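Just so you know, we're using full-length UniProt numbering here: the sequence shown kicks off at 1 and counts up by one.
C-beta atoms are modelled at their ideal positions from N, C-alpha and C, and glycine is treated no differently.
Here the structure is a predicted model, which is why all the values come from computation and not from measurement.
Working notes, structure below.
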Amino acid sequence: MFHTRDLRYFVAVAEHLHITRAAASLFVTQPALSKQIASLERSLGAPLFIRLHEGVALTPAGEALLPYARQIVELEEQATNDVLQAARSADKMTIGFWVSPANEVLSPAISAFCARQPSVRLRLRRADWSEPGAGVVGRRADVGLLETPHDRPVRGLRSHRVAVEDVVVAMASTHHLAQRQQLAPADLTDETVFVLPKEAKMLSGFRFAPTGAHRLANLEYVTTIDETVEGIVTGLGVCIVTPSLAAAHPHPGMVTVPLSDAEPGDYWVVWRPEDERKPEIQDLVACLISSAETWFVSLR
């Protein structure tokens with residue numbers, strides 16, 4: 001019987017055709033390597049090398065063994081690398097999101113999770129608008145924090161709704177509608193309204209076509225929250241958002257006014273069904289839900 005290590009030693013000698021040089025490449029002594037090769041030859045019942053005055057040469061049996069030995073050694077190395085990579089991945093988890101959630105949600109959740117799972121490293125990832133479930137569906141994130149139209153969770157994922165929010169209109173503090181107590185869709189007919197790009201699929205039409213006969217004709221697509229806030233505070237347009245989104249990205253030059261007759265938004269924590277029995281997923285989901293629900297209560 002022989003081991004993969006014996007084949008690794010054999011391949012080294014076959015490639016160097018010199019016991020001493022092969023031993024140096026393996027960081028073993030020449031006598032130890034010679035002993036391993038002799039043991040392998042006894043196990044196989046055939047000589048693998050011809051000892052020459054300067055070095056060695058492969059026998060026909062050695063020539064036959066070499067391609068198989070190389071393949072086995074390569075497979076062992078690949079298997080080891082894959083296992084280590086999987087182990088490293090198990091020690092890392094990613095929280096995905098489309099728009100940055102408030103620090104008041106993330107900071108307590110991360111602190112609580114790290115206390116429960118100190119060996120797991122967390123990272124945050126802003127997903128592209130086109131990624132379903134903020135990257136959770138495509139396995140680029142393990143757990144997602146996201147917003148959807150009311151009662152429309154992401155298909156194929158487990159989800160927990162932490163809040164349902166009516167919407168507000170974010171605008172510059174100097175805007176002519178800023179002093180109103182409430183707005184109706186008709187009030188926005190002549191306003192430039194910032195909306196998400198069409199790539200945002202699930203969210204691209206969300207909140208931007210209020211109920212009733214009034215339609216928003218002046219739509220301007222934006223790609224980032226920073227771009228949106230800058231457009232709002234400079235008076236270039238308004239945006240229909242949830243109170244939590246406005247609170248997560250405050251600006252002294254921006255105010256919000258409640259909007260009636262518009263679709264509310266749901267805020268979710270999502271994860272893959274095949275992962276829900278993993279203790280680290282259960283802990284991260286629980287920490288995010290607790291932190292998010294606490295924060296949403298504070299906004300009321």
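From the DSSP secondary-structure annotation, give me the bridge partner or partners of residue i.
i      : result
Cys239 : Ala170
Pro132 : Paired residue(s): none; Pro132 is not in a bridge.
Phe97  : Arg126 and Leu145
Glu165 : Gly265
Pro258 : Val168
Ala57  : Ile50
His160 : Val269
Leu183 : Leu259
Lys92  : Arg121
Val195 : Tyr221
If the criterion is Cβ atoms closer than 8 Å, does the pair residue i and residue j meet it?
i           : j      : result
Arg161      : Trp295 : no
Val28       : Ala69  : no
Val168      : Val120 : no
Leu33       : Ile19  : yes
Arg125      : Thr174 : no
residue 302 : Asp142 : Only positions 1 to 300 of the chain appear in the structure, and residue 302 is not among them; the question remains open.
Gly235      : Ala178 : no
With distances taken from CA atoms, which of the options is nearest residue i?
i      : options                           : result
Gly156 : His175, Met171, Val169 and Ala134 : Ala134
Val257 : Gly235, Asp166, Ile225 and Trp271 : Asp166
Glu191 : Arg180, Ser34, Ile281 and Glu220  : Glu220
Ala112 : Val297, Asp283, Ser39 and Asp128  : Asp283
Ile110 : Arg300, Leu299, Gly265 and Ala286 : Ala286
Val164 : Ile37, Leu299, Trp271 and Gln78   : Leu299
Pro279 : Thr224, Leu75, Arg116 and Gly144  : Arg116
Thr51  : Glu77, Val13, Ile72 and Leu75     : Per the sequence presented here, residue 51 reads as Arg, with Thr not at that position. Considering only alpha carbons, the answer is Val13.
Trp271 : Val297, Arg158 and Leu177         : Arg158
Glu74  : Ala64, Ile37 and Tyr9             : Tyr9
Quick one: what's got a C-beta closer than 8 Å to residue i's C-beta in the same chain, skipping five residues either side?
i      : result
Met202 : Reliability of the predicted coordinates at Met202 is poor, the pLDDT of 48 falling under 50, and the value obtained from them is presented with this limitation in mind. Correct list, in chain order: Pro132, Thr148, Pro149, Arg152 and Val154.
Glu293 : Val162 and Ala163
Ala61  : Leu44, Ala46, Pro47 and Leu48
Ala57  : Leu17, Phe49 and Ile50
His53  : none
So, at 7 Å on beta carbons, what are the nonlocal neighbours of residue i in its own chain, with the 5 sequence-adjacent residues on each side left out?
i      : result
Thr228 : Phe194, Val222 and Cys239
Asp128 : none
Trp98  : Ala127, Trp129, Ala134 and Leu146
His251 : Val229 and Val233
Ala170 : Ile232, Val238, Cys239, Val241, Ala246, Met254 and Thr256
His214 : In this prediction, His214 has a pLDDT of 46, which is less than 50 and means its spatial position is unreliable; nothing more can be read from the coordinates.
Whole angstroms is fine: what's the gap from residue i's alpha carbon to residue j's?
i      : j      : result
Arg139 : Leu288 : 19 Å
Glu263 : Leu245 : 15 Å
Glu104 : Ser291 : 8 Å
Ala24  : Ser43  : 24 Å
Thr4   : Gly144 : 43 Å
Pro108 : Pro118 : 15 Å
Lys35  : Gly55  : 16 Å
His16  : Lys92  : 41 Å
Gln181 : Thr224 : 28 Å
Phe2   : Glu63  : 18 Å
Ile72  : Thr80  : 12 Å
Val137 : Leu106 : 21 Å
His176 : Leu122 : 44 Å
Thr59  : Glu76  : 25 Å
Phe206 : Arg277 : The pLDDT assigned to Phe206 is 45, lower than 50, so where the model puts this residue is not dependable, and the model offers no usable value.
Gly96  : Ile281 : 13 Å
Ala38  : Gln78  : 27 Å
Pro273 : Gly265 : 23 Å
Val297 : Leu259 : 20 Å
Asp226 : Pro243 : 17 Å
Cys114 : Asn218 : 46 Å
Which same chain residues end up closer than 6 Å to residue i when comparing Cβ atoms and leaving out the 5 residues on each side of it in sequence?
i     : result
Glu41 : Pro47 and Leu48
Leu66 : Ala14
Gln30 : Ile19, Thr20 and Ala23
Leu26 : Ala12
Against chain C, with Cβ distances strictly below 8 Å, would residue i count as a contact?
i      : result
Glu276 : The structure shown has no chain C; it contains just one protein chain.
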